[in-house]
Each structure stands twice: as C-alpha cells, then as structure tokens.
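Step one of this worksheet: look at the structure below.
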Amino acid sequence: MSQTLIDQVFTPKPNRFETRQDTTTRVAREIIEQEVAARQAKTARLRAAREAREAEEAASQPVTPRPRRMPKPALRRGGTR
C-alpha cells in the first residue's frame, strides 16, 4: 500500500479538546489578522495625509538660500620662544 493511502485510512480523529483548541486558535488568528489589516490601512491613510501636508507646505514656502558663514580667522598661538 502507498503511504498516502495509509495516512488517509488511519488518520486519528481529534478529541473534543483538540477541536476546541483548534477553534480557539482559528478565531484568535482571524482577530489578529483583522487588527493587522486595520492597522496597515490606518498607517497608509496617515502616511498619505502627511505626504500631502508636506507637499502643500513645501509649495507654499519659497526656498531661500542660507546665508554663507564667514570663515573664522586662524588663531595665533602666542608664546615666548
């Protein structure tokens, strides 16, 4: 006999505790997946709003060049030699 036929015929039936655990696990994973999807949707929405606000601010503010700093004169070390 092939191994798959043996596995199909002699599969153990889960007892009621395992079935409850499987149900609990499945429901918990579904809840977690829903929360992850909601969090990702919120993140995408907030990111789009932030990028739109930043683009609006960048368009409204004129770009002004920064004034150049004058180089500091070199310090002379005074001493008696």
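Going by this note's numbering, the sequence shown opens with residue 11, and the numbers climb by one from there.
All residues carry an ideal CB built from backbone N, CA and C; glycine is no exception.
Original post:
In terms of residue numbering, what span does the alpha helix (DSSP H) encompassing L56 cover?
Top reply: 26 to 70
**OP:** Reducing DSSP to helix, strand and coil, say where L15 ends up.
**Re:** Collapsing the DSSP output to three states places L15 in a helix.
**OP:** Output yes or no for whether 9 Å exceeds the beta carbon distance between P24 and D32.
**Re:** yes
**OP:** Return the CA-CA distance between E28 and T35, expressed in angstroms with no decimal places.
**Re:** 10 Å
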